[in-house]
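Engineer: I have a structure I would like to understand better, so I am pasting it below and will then ask my questions one at a time.
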Amino acid sequence: MRIDGAGLINRNKPVTFSFDGRSYQGFEGDTLASALLANGVRLMGRSFKYHRPRGVFTAGSEEPNALMTVGRGAAQTPNVRATVQEIYEGLEARSQNRWPSLSADLLSVNDLLSPFLGAGFYYKTFMWPRSFWEKLYEPVIRRAAGLGALSGAPDTARYDRAYAFCDLLVVGSGPSGLMAALTAARAGADVILCEEDSAFGGRLNSEAEEIDGAPARDWVQAVLAELDSLPNVRLMKRTTVTGAYDQGTYGALQRVALHMADPGDRPLETFWHIAAKACVLAAGALERPIAFPMNDRPGVMMASALRSYLHRFNVAPGKRVAVFGNNDGARQTAEDLRAAGVEVAALVDSRPEAELPVGFNAFKGAQVIHTKGYMGLKSITVSTGSREEVIEADCLAVSGGWNPTLHLTCHMGARPVWDETLAAFLPAEKSVPGMIPAGAAKGIFSTAGCLADGQRAAKEALKALGLKAKASDLPAASDAPYSVAPLWQVPGKGRAWLDFQNDVTVKDVKQAAQENFRSVEHMKRYTTQGMATDQGKNSNVGALAVLADATGRGIPETGTTTFRPPFAPVSIAAMGAGARGKGFAPERFTTSHAANIARGAPMIEAGLWYRPSYFPRPGDAGWQEACNREVGFVRNAVGVCDVSTLGKIDIQGPDAAAFLDFVYCNTFSTLKEGRVRYGLMLREDGHVMDDGTCARLGETHYLMTTTTAAAGQVMKHLEFVSQALRPELDVSFTSVTEHWAQFAVAGPKSRALLDSLLDAPVDESAFPFMGCGAVTVAGVPARLFRISFSGEHAYEIAVPARYGAALYGDLVARAEVLGGGAYGMEALNVLRIEKGFITHAEIHGRTTAFDIGMGRMVSARKDCIGKAASRREGLSGPEREQLVGLRPVLPEGRLPAGAHLFSENRPPTRENSEGYVTSTCFSPSLGHEIALGFLKNGPLRRGEVVKLVDHLRGVETLCTVCDPVFIDPDGGRMRG
Amino acid sequence: MRITCPYCGTRDLREFSYRGAASDLERPDAEAPPEEWHAYLHLRDNPAGVTRDLWYHEMGCASWLVVTRNTVTHEILACDLARDVALKAREAKR
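These protein sequence lines are chains A and B, in that order.
Straight run, no breaks: the first sequence in UniProt numbering ends on number 976.
Straight run, no breaks: the second sequence in UniProt numbering ends on number 94.
See the structure below:
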């Protein structure tokens, strides 16, 4: 219930929200947890495995119990920690992992079965029959054990990714962090201060501390005001630094609008990449529980959490509160409760020598050995060793000491170091380059100590940055020493929980040790200790202490499991922000895109490009009919196709020719100006990289084309050869793929079309087959290339991209008048297969120039990339699979790509495979399917009948090996 | 990870693409024996410590870079233009 006090809630701003359908009221500044506690709600969740009733356990991001689903529909978020989620008007929260309801959960039958469900239960029980695991056991187990669920619908909310740079990143804004930020900011450093909480101040918001004789919060406000006034400081609250990476890179998750009823156009969360020259880790410490029997009742919580609820949220989590600890935190909690007017049922300190204040029902050298109250704590049993006493209490605050929050110091491989005096792990020296742990994160637990250490850390960072700290005094604060007597487990009847979220008990860890899972990493996997969404923040150290005890080793020998990013859960949506839908794969459109869409062409992806597949017409039976028609345009009249997606690289310089001779396996220095040559490029390992045409536009000016798929790779390759292998050559090049729109005009009537279009008719002497040169279209300078990828008399015409759309429309209209029209990728593919032209289906990375029948193109007169390696044994010869054409013996025979080729009389097994099919199509010109493929010693086996077998599609076809050029083998049409 | 490009300054990893060991710069002569070509094409050291590799500033100035870094600490120790490294190696050969 709510008590008087000056916390950080705004009592003038009530907020209405709901939990499991019931409406509640809290105040601005409340978390879901504090508001529910204020309304007397103790039961907030069910545990993972046993469905035990659980209440809120902490007041921070380490919360294991109070996980809820917030929101509805597509936007519902599961496993939201009620201790982190701030309430807003209309917030809807629901409990998880219960059926039918939180208070009457039928699956709590698991709890009765707990003697059988201990560590390793699944592994031992569901061994056989094997097939049952996937079909029966796993689905049932998954339904019975678990957390919240996603809606299954796409999340339409906005998320963002952002980048920041600074001199000093300060992680945490308690006394150390604020002091560090202030010291660095005053010295002129660019500072980013990240605070995970919704309020700056760290523990100072949650304790009755004083600084300079006034409430600590006054000091916090004064420091914040100064930091806020400085231009070199960026204050980021609700921002969890989740990971430390190379070179001072930090990941951070900012909850931008998760606390707002209406986020407007804000992202819900932003994932930050922060590059910091130095970092002060002032992340504080996490209080750890004590594993005593039945320590998981709703109402049992951390003492520090109780003080947070008391001081910050003005909530008393119980009417009669007991306190149990092994350090002075217990006494402090009892005194704070008394000061707030809350009845303290008992003060139990495990240390026999503890000095406890008068006026409490105090027990020294005593332990809580049992609790009662299934749906919420009713009583505790205290034992002093000689006597036991049952004490009524509805809340128990527990403190087992503090663990420094050193997670980030371990993200680059460092292991923490055990400190016997503090009974805690401390950050190792120089664990992350540039990161300086300070204050509680380093094991300094007094306020005065933290203030001083924050200043010290900032000075150290400033020195590394080459800046000088201004002289300033430290504020005065309490310097109470921290003394703790380790207490990990309390023996007794009943289960003692370590990991509340994954239902791991002391008994489970001991059993793991007994079954020889003695390494801490094995124990973790066997018991699932620390593997839940809280990653064992408040339980790992306790569990390994129990393991150390069970194995007879010390804690330092036992060691910790590996700390990995992220420190706290990060939604995938935030990490992947900007990379959904079109953001995931950008689209590249040609200048003809709109016209092709308008014609109803289905588009296919070619890399990031989109190209028309075919152009349907009313009455078409399917794509094949459209494809056949378009092939007919090119074979009989004229077809038009956008080929702008091919890579175009402009190459200039006195040494351009020498450079091309080196990157192509054939020769380009002998190419005449105004002529085009087919070129083959090898990789240095002797295999084919890419092919294309290259035109010599002038003495020192070439234009190279690459395939669409390899354009980027070739550009990168050229840059490498030029800069790294032939730096002496004076040549430069640039990609002009986007600058020119280029269209193939192919077919017997292509010349007629161009004559009607160009400002002057095509001059036969200037444009023989493989000629090129400048022309003008409606006064616009253009380039014309007489090249053919269809085997027909054909041209490609290029204009600056801004004229592309207009030219395409004109070309298609003229083609249609001549009985032709636009053709798409399907027809283009048929046309090239009929001519035996290769694509990356054939030059797939494992083929050599020899394999595709171009072995003689590798010039003997010069060196080139790949030449030496191409002469290696095994890269040429009859054992190689070489390019062949295939036609079915019976006209209806099918030749699917991917099928393998076998000698007719041998069984079609893998070891008998003699080749495979790479490209296939129905040839309208021939009236049956044709294919290109690779066959051992293929060119010498023309006329032989081989067996094609596609095991996947169940096809078996006898086919005849033939020349890969099916149409016009002597090239008369192309040249004529 | 960030790389300091000699032309563009310190830039994020995403602007660069990786190729492999800087030994790719030491291309053998065309007539070199097969063993030398085999070593050039296939044999790579895998040091725990300082290594030199080739990066391409693909989303920047298109420079090929030789980056010297430590595979154990992930420190980046130097970043030179591959062109300069190649020319210097040639000078040394003469």
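Here a beta-carbon is modelled for each residue, glycine too, at the ideal position from N, C-alpha and C.
Small disclaimer: the values here were computed from a predicted structure and weren't measured.
Does any CB atom of chain A fall closer than 9 Å to the CB of T73(B)?
Structural biologist: Indexing the second sequence from 1 puts residue 73(B) at position 73. It does: the Cβ of T73(B) has a partner Cβ on chain A nearer than 9 Å.
Engineer: Residues of chain B with a CB under 7 Å from the CB of F720(A): which are they?
Structural biologist: On the first sequence, position 720 is the one that residue 720(A) refers to. Neighbours of F720(A) on chain B, chain order: W64.
Engineer: Which partner residues of I9(A) appear in the DSSP bridge assignment?
Structural biologist: Along the first sequence, one-based indexing puts residue 9(A) at 9. For I9(A), which the question treats as bridged, DSSP gives no partner whatsoever.
Engineer: Could you name the residues of chain B that P727(A) contacts, counting a contact when the two beta carbons are closer than 7 Å?
Structural biologist: The residue given as residue 727(A) occupies position 727 in the first sequence. Counting only Cβ-Cβ distances below 7 Å, P727(A) has contacts in chain B at R83, A86 and L87, in chain order.
Engineer: Using C-beta distances below 6 Å, list every residue in its chain close to E209(A), excluding the 5 sequence neighbours before and after it, in chain order.
Structural biologist: If you number the first sequence from 1, residue 209(A) lands on position 209. Closer than 6 Å at Cβ, skipping near neighbours: A216 and T447.
Engineer: Output needed for P908(A): all residues of its chain with C-beta closer than 8 Å, excluding positions within five of it in sequence on either side, in chain order.
Structural biologist: Along the first sequence, one-based indexing puts residue 908(A) at 908. Exclusion of the five residues before and after P908(A) leaves H900, F902, K947, V949, H951 and E956 as the residues of its chain whose Cβ lies within less than 8 Å of its Cβ.
Engineer: Give the residues of chain A in contact with L25(B), contact being defined as C-beta atoms less than 7 Å apart.
Structural biologist: Translated into positions along the second sequence, residue 25(B) becomes position 25. Going along chain A in sequence order, the residues near L25(B) (Cβ under 7 Å) are A724.
Engineer: Report the option in E881(A), G927(A) and W418(A) whose CA atom is closest to the CA atom of L890(A).
Structural biologist: Residue 890(A) sits at position 890 when you count from the first residue of the first sequence. Looking at the Cα atoms, G927(A) is the closest of the given residues.
Engineer: Between the stretch 744-761 of chain A and the stretch 789-802 of chain A, do three or more beta carbon pairs fall short of 8 Å?
Structural biologist: yes
Engineer: Taking only beta-carbon positions, decide if M59(B) is within less than 9 Å of chain A.
Structural biologist: Position 59 of the second sequence, counted from the start, is the residue given in the question as residue 59(B). So no, M59(B) is outside the interface.
Engineer: Measuring only the C-alpha atoms, how far is Q76(A) from V688(A)?
Structural biologist: By 1-based counting over the first sequence, the position of residue 76(A) is 76. By 1-based counting over the first sequence, the position of residue 688(A) is 688. C-alpha separation (whole angstroms): 52 Å.
Engineer: How long is the line joining the alpha carbons of S399(A) and V171(A), rounded to whole angstroms?
Structural biologist: Position 399 of the first sequence, counted from the first residue, corresponds to residue 399(A). Position 171 of the first sequence, counted from the first residue, corresponds to residue 171(A). Taking the straight line from one Cα to the other gives about 25 Å.
Engineer: Output the distance between the C-alpha atoms of C665(A) and P416(A), rounded to the nearest integer angstrom.
Structural biologist: As a position in the first sequence, residue 665(A) is number 665, starting the count at 1. As a position in the first sequence, residue 416(A) is number 416, starting the count at 1. The straight-line gap from Cα to Cα measures roughly 58 Å.
Engineer: Check each residue of the stretch 407-420 of chain A: if its Cβ is closer than 9 Å to any Cβ of chain B, include it; give the result in chain order.
Structural biologist: M412
Engineer: Spell out the partners DSSP gives A21(B) in its beta bridges.
Structural biologist: Position 21 of the second sequence, counted from the first residue, corresponds to residue 21(B). Answer by DSSP bridge pairing, in chain order: D53(B).
Engineer: Indicate whether L757(A) and V780(A) have their beta-carbon atoms separated by less than 9 Å.
Structural biologist: Taking the first residue of the first sequence as position 1, residue 757(A) is located at position 757. Taking the first residue of the first sequence as position 1, residue 780(A) is located at position 780. Cβ atoms of L757(A) and V780(A): not closer than 9 Å.
Engineer: In this structure, how does DSSP classify A574(A) when only helix, strand and coil are distinguished?
Structural biologist: To locate residue 574(A), count along the first sequence from 1; it is residue 574. Of the three classes helix, strand and coil, the one that applies to A574(A) here is helix, per DSSP.
Engineer: Please return the same chain residues whose Cβ sits closer than 8 Å to the Cβ of K468(A), not counting the five positions on each side in sequence.
Structural biologist: For this step, residue 468(A) is matched to residue 468 along the first sequence. These residues qualify, in order along the chain: A187 and L462.
Engineer: If you measure beta-carbon to beta-carbon, which residues of the stretch 679-700 of chain A are closer than 8 Å to chain B?
Structural biologist: Listed by position along the chain: E684 and D685.
Engineer: Taking buried to mean at least 16 other C-beta atoms within 10 Å of its own C-beta, is Q85(A) buried or exposed?
Structural biologist: One-based indexing of the first sequence puts residue 85(A) at position 85. Classification of Q85(A): buried, given that the 10 Å Cβ count is 16 or more.
Engineer: Tell me where the alpha helix (DSSP H) around E28(A) begins and ends.
Structural biologist: If you number the first sequence from 1, residue 28(A) lands on position 28. Not the alpha helix (DSSP H): E28(A) falls in the beta strand (DSSP E), residues R22 to E28.
Engineer: For G373(A), collect the residues of the same chain with a Cβ closer than 6 Å to its Cβ; drop the 5 residues on either side in sequence, then sort them by chain order.
Structural biologist: Against the first sequence, residue 373(A) aligns to sequence position 373. So the qualifying residues of the chain are R297.
Engineer: Mapping the DSSP letters down to three states, classify A285(A) as helix, strand or coil.
Structural biologist: Locating residue 285(A) in the first sequence gives position 285, counting from the first residue. In the structure shown, the three-state DSSP call for A285(A) is strand.
Engineer: Interface residues of chain B around K867(A) at Cβ under 8 Å?
Structural biologist: Residue numbering aside, residue 867(A) sits at position 867 when the first sequence is read from its first letter. When 8 Å is used as the limit between beta carbons, K867(A) is near these residues of chain B: A30, in chain order.
Engineer: To the nearest angstrom, how far is the alpha carbon of C959(A) from that of P888(A)?
Structural biologist: As a working mapping, residue 959(A) is identified with position 959 in the first sequence. As a working mapping, residue 888(A) is identified with position 888 in the first sequence. Using only the alpha carbons, I get a separation of about 4 Å.
Engineer: Check whether the Cβ of A585(A) lies closer than 9 Å to any Cβ atom in chain B.
Structural biologist: Sequence index remark: in the first sequence, residue 585(A) carries index 585 (1-based). Not one chain B Cβ lies under 9 Å of A585(A).
Engineer: What distance in whole Å lies between the Cβ atoms of G494(A) and P293(A), which are believed to be in contact at a cut-off of 8 Å?
Structural biologist: Your numbering for residue 293(A) matches position 293 in the first sequence. Your numbering for residue 494(A) matches position 494 in the first sequence. Rounded, the Cβ-Cβ distance is 4 Å, consistent with contact.
Engineer: With G60(B) and R14(B) assumed to form a contact (beta carbons below 8 Å), what rounded beta-carbon distance in angstroms separates them?
Structural biologist: Taking the first residue of the second sequence as 1, we reach residue 60(B) at position 60. Taking the first residue of the second sequence as 1, we reach residue 14(B) at position 14. Beta-carbon to beta-carbon, G60(B) and R14(B) are separated by about 10 Å, too far to satisfy the 8 Å threshold.
Engineer: When the Cα atoms are used, what is the spatial distance from F48(A) to G71(A)?
Structural biologist: Locating residue 48(A) in the first sequence gives position 48, where the first residue counts as 1. Locating residue 71(A) in the first sequence gives position 71, where the first residue counts as 1. Taking the straight line from one Cα to the other gives about 21 Å.
Engineer: In terms of alpha-carbon separation, which member of R54(A), A119(A) and A339(A) lies closest to G5(A)?
Structural biologist: Indexing the first sequence from 1 puts residue 5(A) at position 5. Per the Cα distances, A339(A).
Engineer: Y56(B) touches chain A at which residues, Cβ-Cβ below 9 Å?
Structural biologist: As a first step, residue 56(B) is located in the second sequence; it is residue number 56 there, counting from the start. Within chain A, the residues near Y56(B) are K716, E719 and F720.
Engineer: Using the three-state DSSP reduction, which class does H522(A) fall into: helix, strand or coil?
Structural biologist: Here residue 522(A) refers to the residue found at position 522 when the first sequence is read from its first residue. H522(A) falls in the helix class under three-state DSSP.
Engineer: Taking a cut of 9 Å between CB atoms, which residues from the stretch 266-282 of chain A lie near chain B?
Structural biologist: Residues passing the 9 Å Cβ filter: H273 and A275.
Engineer: 9 Å is my cut-off, CB to CB: does L41(B) come that close to chain A?
Structural biologist: Indexing the second sequence from 1 puts residue 41(B) at position 41. In terms of beta-carbon proximity, L41(B) lines the interface with chain A, with at least one pair separated by less than 9 Å.
Engineer: For chain A, is any of its Cβ atoms less than 9 Å away from the one on D12(B)?
Structural biologist: Locating residue 12(B) in the second sequence gives position 12, where the first residue counts as 1. D12(B) counts as touching chain A.
Engineer: Output, in sequence order along the chain, the residues in the stretch 841-867 of chain A whose CB is closer than 8 Å to any CB in chain B.
Structural biologist: D863 and K867
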